[in-house]
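Participant: Pasting a structure below so you can have a look.
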Amino acid sequence: ICLRFCKSAGCARGFKQFILYSECVLCNRFIMLTIFFLPGISSNSVEKKIYVNLNYTIPCVRLLNATHQIGCQSSLSGNVGVLHVLDSEDNLEWVLNSGPNPPYLVILDYLLFTRAVMMKLKNGSNRVAGVAVVAPTINPSTGFSPHTTCPNENTGVYVEDYDPAFAHCNVTVWNPLGNGLSYEQFNFPIFSLKDDNETQLIRQCYINHNLAVNNNAPQYPLCAMQMYSHMSAVTDTSTCMRRSDKNSFSISPEMVCDPLGDFNVWAATRPLNVTSKGHKMWESVVIAAARLDSRSFFFDIAPGGESGVSGFVTLLAAAHALRNITQENHPNRTILYTLFQGETFDYIGSSRMVYDMQNDEFAVDLDNVHSVLEIGQVGFWSDSKLWLHSDPVSRKNGSINDELAANQSAIPVEEPGFSQPLPPSSFQRFLRAHPIPGVVIEDHRSAFTNRFYESMYDNAEYLKVSYPSNMTQEEQLDFLTDTAKSLTEVATMVARTLYLQAGGAETQLGNINADPQIVTRMLYGFLVQSNNSWFQQIIPSEWISHLELKLLYHHCYLPSSEATFLVQYLLANLTGSIVNITQENCQNQREDQDDKESKHIYTYMWVQGTLPLNSTERHGFCVRSTVHLSKAVSPAFHLQEYNSKDYSTWTESRWKSIKGRIFLVASHDLEMLTLGVGFGVLLTSLLLTYIVSSKADILFGSEREPSNATY
Amino acid sequence: MTAAVFFGCTFIAFGPAISLFVFTIAREPLRVIFLIAGAFFWLVSLLLSSLVWFISVQISNKESASQQKGLLIFGVVLSVVLQETFRFGYYKLLKKANEGLLTLSQEETMPISIRQLAYVSGLGFGFMSGAFSVVNILADSVGPGTVGIHGDSQYYFLSSAFMTMAIILLHMFWGVVFFDACEKQRWWAVAAVVISHLAVSCLTFQNPAYVNSLVPTYVILLVMGIWAFYTAGGSLRNLKLCITCKDKDFLLANHRSR
Chain A
1 ICLRFCKSAG CARGFKQFIL YSECVLCNRF IMLTIFFLPG ISSNSVEKKI YVNLNYTIPC
61 VRLLNATHQI GCQSSLSGNV GVLHVLDSED NLEWVLNSGP NPPYLVILDY LLFTRAVMMK
121 LKNGSNRVAG VAVVAPTINP STGFSPHTTC PNENTGVYVE DYDPAFAHCN VTVWNPLGNG
181 LSYEQFNFPI FSLKDDNETQ LIRQCYINHN LAVNNNAPQY PLCAMQMYSH MSAVTDTSTC
241 MRRSDKNSFS ISPEMVCDPL GDFNVWAATR PLNVTSKGHK MWESVVIAAA RLDSRSFFFD
301 IAPGGESGVS GFVTLLAAAH ALRNITQENH PNRTILYTLF QGETFDYIGS SRMVYDMQND
361 EFAVDLDNVH SVLEIGQVGF WSDSKLWLHS DPVSRKNGSI NDELAANQSA IPVEEPGFSQ
421 PLPPSSFQRF LRAHPIPGVV IEDHRSAFTN RFYESMYDNA EYLKVSYPSN MTQEEQLDFL
481 TDTAKSLTEV ATMVARTLYL QAGGAETQLG NINADPQIVT RMLYGFLVQS NNSWFQQIIP
541 SEWISHLELK LLYHHCYLPS SEATFLVQYL LANLTGSIVN ITQENCQNQR EDQDDKESKH
601 IYTYMWVQGT LPLNSTERHG FCVRSTVHLS KAVSPAFHLQ EYNSKDYSTW TESRWKSIKG
661 RIFLVASHDL EMLTLGVGFG VLLTSLLLTY IVSSKADILF GSEREPSNAT Y
Chain B
1 MTAAVFFGCT FIAFGPAISL FVFTIAREPL RVIFLIAGAF FWLVSLLLSS LVWFISVQIS
61 NKESASQQKG LLIFGVVLSV VLQETFRFGY YKLLKKANEG LLTLSQEETM PISIRQLAYV
121 SGLGFGFMSG AFSVVNILAD SVGPGTVGIH GDSQYYFLSS AFMTMAIILL HMFWGVVFFD
181 ACEKQRWWAV AAVVISHLAV SCLTFQNPAY VNSLVPTYVI LLVMGIWAFY TAGGSLRNLK
241 LCITCKDKDF LLANHRSR
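Which chain is which? The protein sequence lines are A and B, in order.
Numbered according to full-length UniProt numbering, the first sequence spans residues 1 to 711.
Numbered according to full-length UniProt numbering, the second sequence spans residues 1 to 258.
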């Protein structure tokens, strides 16, 4: 069913890998990538005379939940509007009222991409054909967050019956800069354009043709733009899932939407038998969690630097720091590293893992969980300090006490010091099911320090992952940035805390140190360039093409397998060990021919290894680890409860094509003139021919031919 | 532009051809067959010239603009020569076919005269060449945009449609003149047809100065039209008779008197 949508080889390969899970959430993305990155979509020369196709158009797409649809769409044949470059908010008057050639397609500077302007455009949408936002090359100096002020308001632990005082961010508004644009529904398409030659062409076209002189109506032909982003799904999740179901009787069912989802990545310091599910006797695990995903207003540009990367890179570095010590001197409890996908959309990953634990579908159950330590946004701790957030309700109940390990590092860590609920975090989903002790480490005391939460500006630049100019890629990969240094300190602290929490001896703490080199390489890989020599070494050769796409779309708002697969291999390489077995055995998940047990405990990955100098042959090796994937698809879709209030119900609409082009439009008068002349020619020639043919014998009757042989 | 432009341009380009087809050809199956055969012959000539064109483009230097321009001119000339060669070939074939038809025919006269064949085959050539010159333009005229973002004239569609109309009618006239010239072995007339065809084709190199190409083309069209009219047996006197709308009976009587 799904492979039909996979137009790129990469996607098909992805499915080979994940075929067991038979989920299809990644395909839209690959269709789009195919459109974006494969050149040579040929067009004839007449078309070239008329249209300039835009190469870089990032759309805002439609998402649906149990009650709403959000996002944008165009009509089936694309929205056409006369271009209008908006340079100030006062200029809106032209678009919304006075301009003589509606509908207009508004080109917005990123500074005008605010809630006020967008709402005015939305309410005047019969005069607005679409909006294109020109993204800046450097981040704005002010804050911008298209997310809500209270992320995941209704699916965390703080609902009315838990403690009404904390519900709906009553105590702390976590994201005060949030303007909620990402959760609005627009009836016109909104694209993001890069500030480059194409945008320059658009502006030039506007200046040449559309600029009103002294407020007079500009003369035809006018410069116009067309945007295609038609979305198949409509209304809400239950409607679109029903439509998708109904069509499944046909030979090639037409899906209209896909549940958002992906895979969580997890690994344990002690091997757990994953084939036997449910409660494990005498097993006690400390969960170390972070989230993998991010989103922005636009489909594919969600770098999630502070909101995602800072946390999971720290967790990965901590896991690496604990590798040797847990192999030599394992503490009493098992540490379970979990990286959750889809947390932006009402905690998809964590809610599914908790659901699986409750229903004995996971290697351990909730009773096995000793405590949870979650790493949230920690990228900016060096500006202030780190804060340990815990749940005031469970603290009040006395179920959590001083089990939170005292940390032994130089980092100033404090608790907020007043009764404040947990920030948006995966841990909330655990609390919702079971009172488990736990903390969330953040770099903010109350509201986020992140000024660009879930926006396209939450990128490497914002996280200060920058390199001196004139460095080669290899030099940048190993260059130690200040951010990497500070995150290394956090990772060391986290690793030591985890070790203590797992019951390890304090005397060992000095041996636990995160490696700044690993941290800086990961930051480079996730925020700057994923196709680097280090990432190439630690993944299998068949995944190389995924790196070569060059775009960092792995923590895009739609959780994709890119982040998952990279993190999966990173975690395996950082926590696992190299075993000396053949490639065949490795790929068959066994130590040797007779080994039938290992595959229940370990994961074997054949990675391609380093490329020696002056050689084209890589030396691959086998990594044995306890890294596993678990489904991160909301239980609502497992239970087929599309109106669920407990679980995420987000789905993403499918679409056929996303494209934009600019061209000139002729005046209505010229079009009518052409049609009139056409009719005139047709009628005249019909009349003339009739007359001539009826009198042919007279006209062409000549002396030389008999009249019946004429025309 | 829009559907309005599409229909406008279609009617301009094919209006005369369609009305000629409806009133003079559609009623007689034999004419329809010869029309389609003519169109096929034109297609074969295009196939050959495009083959040569394709090969020469492949072996040419794609970077050099002057070479490409020269190649284009060569292609046009070659195509015109091939089209006229095929017109001659079609004439020869029709002569043979007509003899065959005559033997089969029950009646003593030929079912279709060589002049009628000239007109029908010329229109067949015109239909196909018109279709090939304008269909891809028409296809793009349906979209919302009009030509001009790179500074071209926005009358592109309109002038293309008028050019196509001229080409279709010219093919018809050339057919009439050419066949008559072959019949009478007046080779200078054949040469005139080829040269005027070459001239019209090369005039399109004047584009995008549409006036410079359209006006001479319509002059040639007028000249060829008058020539074809006379060739087909028309005369000023007949035209006068026709316009003044003399009584049919009188005309018939007039005829008989001759």
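C-beta: ideal position from N, C-alpha, C; glycine also.
Predicted, not measured: the structure shown is a model, and the values here were computed from it.
Is the shortest distance between the beta-carbon of Pro103/A and the beta-carbons of chain B less than 8 Å?
Facilitator: As a working note, residue 103/A is residue 103 in the first sequence. Taking Cβ atoms only, chain B never reaches closer than 8 Å to Pro103/A, which makes this a no.
Participant: What do you get for Met231/A, buried or exposed, if any count of 16 or more other CB atoms within 10 angstroms of its CB means buried?
Facilitator: On the first sequence, position 231 is the one that residue 231/A refers to. Counting the other CB atoms within 10 Å of its CB gives Met231/A a total of 16 or more, which places it among the buried residues.
Participant: Quick check: is the beta carbon of Ile50/A nearer than 8 Å to any beta carbon in chain B?
Facilitator: Start at 1 with the first residue of the first sequence, and residue 50/A comes out as number 50. Interface residue, yes.
Participant: In its own chain, which residues sit with a C-beta less than 7 Å from the C-beta of Ser399/A, not counting the 5 before and 5 after it?
Facilitator: Position 399 of the first sequence, counted from the first residue, corresponds to residue 399/A. Confidence at Ser399/A is low in this model, with a pLDDT of 43, below 50, so the placement of that residue is unreliable and no value is reported for it.
Participant: Taking the beta strand (DSSP E) that His628/A belongs to, which residues open and close that run?
Facilitator: Working through the first sequence from its first residue, we reach residue 628/A at position 628. Counting along the chain, the beta strand (DSSP E) containing His628/A begins and ends at 628 to 633.
Participant: State the CB to CB distance for the pair His370/A and Val439/A, rounded to an integer number of angstroms; the pair is presumed to be in contact (CB under 8 Å).
Facilitator: By one-based count along the first sequence, residue 370/A stands at place 370. By one-based count along the first sequence, residue 439/A stands at place 439. Not confirmed; about 13 Å, so no contact.
Participant: Excluding five sequence neighbours on each side, which residues of the same chain lie with their C-beta closer than 8 Å to the C-beta of Ser74/A?
Facilitator: The count along the first sequence starts at 1 and reaches residue 74/A at position 74. Around Ser74/A: Gly130, Phe188, Pro189, Met227, Tyr228, Ser229, His230.
Participant: At a Cβ threshold of 8 Å, is Leu170/B touching chain A?
Facilitator: Within the second sequence, numbered from 1, the residue matching residue 170/B stands at position 170. Chain A, which has no Cβ nearer than 8 Å to the Cβ of Leu170/B, makes this no.
Participant: What first and last residue would you give for the alpha helix (DSSP H) that runs through Cys182/B?
Facilitator: Sequence index remark: in the second sequence, residue 182/B carries index 182 (1-based). Membership of Cys182/B in the alpha helix (DSSP H) is indicated by the continuous run 156 to 184.
Participant: Is the beta carbon of Leu487/A closer than 8 Å to that of Val378/A?
Facilitator: Looking up residue 378/A in the first sequence gives position 378. Looking up residue 487/A in the first sequence gives position 487. Cβ atoms of Val378/A and Leu487/A: closer than 8 Å.
Participant: Exposed or buried, which one is Asn614/A when buried takes at least 16 other CB atoms within 10 Å?
Facilitator: Working through the first sequence from its first residue, we reach residue 614/A at position 614. The residue is exposed, with fewer than 16 neighbouring Cβ atoms inside 10 Å.
Participant: Please list the terminal residues of the continuous beta strand (DSSP E) segment that includes Glu361/A.
Facilitator: Stepping through the first sequence from its first residue, residue 361/A is reached at position 361. Looking at the DSSP string, Glu361/A is not in any beta strand (DSSP E), and its letter there is neither H nor E.
Participant: Under 8 Å, Cβ to Cβ, is there at least one residue of chain B near Ser678/A?
Facilitator: Along the first sequence, one-based indexing puts residue 678/A at 678. Reading off the sequence, residue 678/A comes out as Gly, not Ser. Against chain B, the CB of Gly678/A has a partner CB under 8 Å away; the residue lies at that interface.
Participant: Quick one: is Gly8/B buried, meaning 16 or more other Cβ sit within 10 Å of its Cβ, or exposed?
Facilitator: Here residue 8/B refers to the residue found at position 8 of the second sequence. Under this definition Gly8/B is a buried residue.
Participant: Would you say Ile73/B reaches chain A, if we count a Cβ-Cβ gap shorter than 8 Å as a contact?
Facilitator: Position 73 of the second sequence, counted from the start, is the residue given in the question as residue 73/B. Judged by the 8 Å Cβ criterion, Ile73/B is not in contact with chain A.
Participant: Does the beta-carbon distance from Thr649/A to Ala66/A come in below 8 Å?
Facilitator: Here the question's residue 649/A lines up with position 649 in the first sequence. Here the question's residue 66/A lines up with position 66 in the first sequence. Against a cut-off of 8 Å, the Cβ pair of Ala66/A and Thr649/A comes out as a contact.
Participant: Identify the contact partners of Ala4/B in chain A, using a Cβ-Cβ distance below 7 Å as the criterion.
Facilitator: Within the second sequence, the letter at position 4 stands for residue 4/B. What Ala4/B touches in chain A: Glu671, Met672, Thr674, Leu675.
Participant: Sorted by chain position, which residues of the same chain lie with C-beta nearer than 8 Å to Asn147/B's C-beta, five sequence neighbours on each side aside?
Facilitator: By one-based count along the second sequence, residue 147/B stands at place 147. The amino acid occupying residue 147/B in the given sequence is Val; Asn does not appear at that position. Closer than 8 Å at Cβ, skipping near neighbours: Ser153, Gln154, Tyr156, Phe157.
Participant: When the distance is taken between beta carbons, is Gly305/A closer than 8 Å to Asp195/A?
Facilitator: In the first sequence, counting from the first residue as 1, residue 195/A sits at position 195. In the first sequence, counting from the first residue as 1, residue 305/A sits at position 305. In this structure, Gly305/A does not lie closer than 8 Å to Asp195/A by Cβ.
Participant: Just curious, the alpha helix (DSSP H) that Gln327/A is in, first and last residue?
Facilitator: For this step, residue 327/A is matched to residue 327 along the first sequence. Start and end: 323 to 328.
Participant: With burial defined as no fewer than 16 other Cβ atoms inside 10 Å of the residue's Cβ, what is the status of Leu20/B: buried or exposed?
Facilitator: By 1-based counting over the second sequence, the position of residue 20/B is 20. Buried: at least 16 other Cβ atoms inside 10 Å.
Participant: Just the Cα atoms here: how many angstroms apart are Ala228/B and Ser49/B?
Facilitator: Walking along the second sequence from the start, residue 228/B turns up at place 228. Walking along the second sequence from the start, residue 49/B turns up at place 49. So the two alpha carbons sit approximately 27 Å from each other.
Participant: Would you mind sorting Arg29/A into buried or exposed? The rule is 16 or more other CB atoms within 10 Å of its CB.
Facilitator: Stepping through the first sequence from its first residue, residue 29/A is reached at position 29. At Arg29/A, the pLDDT of 40 sits below 50, so the modelled position is not reliable; the number obtained from the coordinates is stated separately. Burial is judged here by how many other beta carbons sit within 10 angstroms of a residue's own beta carbon; Arg29/A has at least 16 and is buried.
Participant: Is it the case that the Cβ atoms of Ile149/B and Val52/A are separated by a distance below 8 Å?
Facilitator: Locating residue 149/B in the second sequence gives position 149, counting from the first residue. Locating residue 52/A in the first sequence gives position 52, counting from the first residue. Yes.
Participant: Any Cβ of chain A within less than 8 Å of the Cβ of Gln154/B?
Facilitator: In the second sequence, residue 154/B corresponds to position 154, counting from 1. So yes, Gln154/B belongs to the interface.
Participant: Compare the C-alpha of Cys603/A against each of Gly609/A, Glu597/A, Thr626/A and name the closest.
Facilitator: In the first sequence, counting from the first residue as 1, residue 603/A sits at position 603. Note that residue 603/A is Thr in the sequence shown here, rather than Cys. Measuring from the Cα of Thr603/A, the nearest candidate turns out to be Thr626/A.
Participant: Sorted by chain position, which residues of the same chain lie with C-beta nearer than 7 Å to Val57/B's C-beta, five sequence neighbours on each side aside?
Facilitator: Here the question's residue 57/B lines up with position 57 in the second sequence. So the qualifying residues of the chain are Leu71.
Participant: Would you mind stating whether Leu239/B and Leu169/B have Cβ atoms separated by less than 8 Å?
Facilitator: On the second sequence, residue 239/B is found 239 positions in, with the first residue counted as 1. On the second sequence, residue 169/B is found 169 positions in, with the first residue counted as 1. Not closer than 8 Å, so no.
Participant: Let me know the secondary structure DSSP gives Cys223/A once reduced to three states.
Facilitator: Numbered from 1 along the first sequence, position 223 holds the residue referred to as residue 223/A. Strand at Cys223/A.
Participant: Expressed to the nearest angstrom, what Euclidean distance is found between the alpha-carbon atoms of Pro164/A and Val607/A?
Facilitator: Position 164 of the first sequence holds residue 164/A. Position 607 of the first sequence holds residue 607/A. Rounded to the nearest angstrom, the two C-alpha atoms are 51 Å apart.
Participant: Based on the DSSP secondary-structure assignment, which residues constitute the bridge partners of residue 713/A?
Facilitator: Because chain A in this structure spans residues 1 to 711, residue 713/A falls outside the shown range and cannot be described.
Participant: What are the residues of the region 135 to 148 of chain B that lie near chain A, defined by any Cβ-Cβ distance shorter than 9 Å?
Facilitator: Asn136, Ile137, Ala139, Asp140, Ser141, Gly143, Pro144, Gly145, Thr146, Val147, Gly148
Participant: Is there a C-beta anywhere in chain A that falls below 8 Å from the one on Ser129/B?
Facilitator: To locate residue 129/B, count along the second sequence from 1; it is residue 129. Chain A contact via Cβ: absent.
Participant: Report the option in Gln517/A, Cys586/A, Arg496/A, Met456/A whose CA atom is closest to the CA atom of Thr507/A.
Facilitator: Counted from its first residue, the first sequence places residue 507/A at position 507. Restricting attention to Gln517/A, Cys586/A, Arg496/A, Met456/A, the CA atom closest to the CA of Thr507/A is found in Arg496/A.
Participant: By the DSSP assignment, the alpha helix (DSSP H) with residue 712/A in it spans what residues?
Facilitator: Since the first and last residues shown for chain A are 1 and 711, residue 712/A lies out of range.
Participant: Taking one C-beta from the region 129 to 145 of chain B and one from the region 680 to 700 of chain A each time, how about it: are there three or more such pairs within less than 8 Å?
Facilitator: no
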